[in-house]
Amino acid sequence: MEVEISVEAKKKRLNNAVAMTVVLLSVFMGVSKIKDDNIVQAMQLAKADAVDFWAEYQSNKVKLHLAESNLNQTRLLAQSLPGNAKVMAAEEARLARDVEKYTARSVAIQKQAKASEAEYDRLNFHDDQFDMSDAALSIALAMAAVAALVENWLLLLASWGFGAFGVLFGLAGFAGWAIHPGWLVALLS
C-alpha cells in the first residue's frame with residue numbers, strides 16, 4: 001500500500017510541475033504575443049513609409065531630370081536666339097531654381113527613406129527575438145504536455161530548457177537586449 005501512495009505522490013508532483021510550467025509559459029507567451037503584434041504593426045508602417053518615400057524620391061528625381069533637360073535646352077535656345085535674351089534669362093533662372101529645389105528635396109527624401117528602412121530593420125531585430133521566443137515556448141509547452149502523458153521527468157526538464165530559451169528571447173525583445181541568433185534566423189528565413 002505504501003508503494004501505491006508513493007507512486008501516486010510522484011505522479012501528483014509531476015502533474016503539478018507540468019501544470020505550473022504550462023501556466024507560467026502560457027502567460028508569458030500571451031504577453032509576448034501582444035508586444036510582438038505591436039512590433040509587426042510598427043514594422044508594416046515603417047515599410048510603408050519607406051516605400052512611400054522611395055516613390056516620392058523617384059518622382060522627385062524625374063522632375064529634377066526634366067528640369068535639368070529643360071535648363072540645358074533653354075541655354076541652347078538662348079545661344080541660337082540672341083534676340084530673346086531677357087525671356088531666356090528669366091526662364092533659365094526659373095529652371096535653375098527648380099534644379100536646386102529638386103536636388104535639395106532628393107537628398108532630404110532619401111534620408112527619410114533610409115531612416116524608415118533603418119527603423120524597419122531595428123524593429124525586425126526585435127520581431128526575430130519574439131519569433132524565437134514563441135517557437136521555443138511552443139515546443140516547451142508541447143514537451144510539457146507529453147511529459148505529463150508519459151509521466152517522464154526528463155522530458156519535463158527538457159521542456160524547461162526550451163522554456164528558459166523562450167523566456168530569455170522574450171525578455172530580450174522586451175528589454176531591447178542585443179541577443180539575436182542570426183544563424184538560426186538565417187536558417188529559418
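Once you know that position 189 of the sequence shown is 189 in UniProt numbering, the rest is easy, because the numbers rise by one and skip nothing.
Just so it is clear, CB atoms sit at the ideal spot from N, CA and C, and this is done for glycine as well.
- No Cβ-Cβ contact shorter than 8 Å links N60 with R94.
- Separation of the CB atoms of S32 and S133 is rounded to 6 Å, and the pair is thereby assigned contact status at 8 Å.
- Only residues of its own chain outside the window of five on either side were considered, and among them A46 have a CB closer than 7 Å to the CB of E119, listed in chain order.
- Residue state for N70 is assigned as helix, using DSSP reduced to three classes.
- Beyond the five residues adjoining it in sequence on each side, G173 comes within less than 6 Å, by CB distance, of H126, Q129 and F130 in the same chain, given in chain order.
- DSSP places L187 inside the alpha helix (DSSP H), whose first and last residues are G182 to L188.
- Each residue's CA atom was taken as its position, placing I139 and M20 some 16 Å apart.
- The shortest CA-to-CA distance from K114 to any of V51, T103, D36 and N84 is the one to V51.
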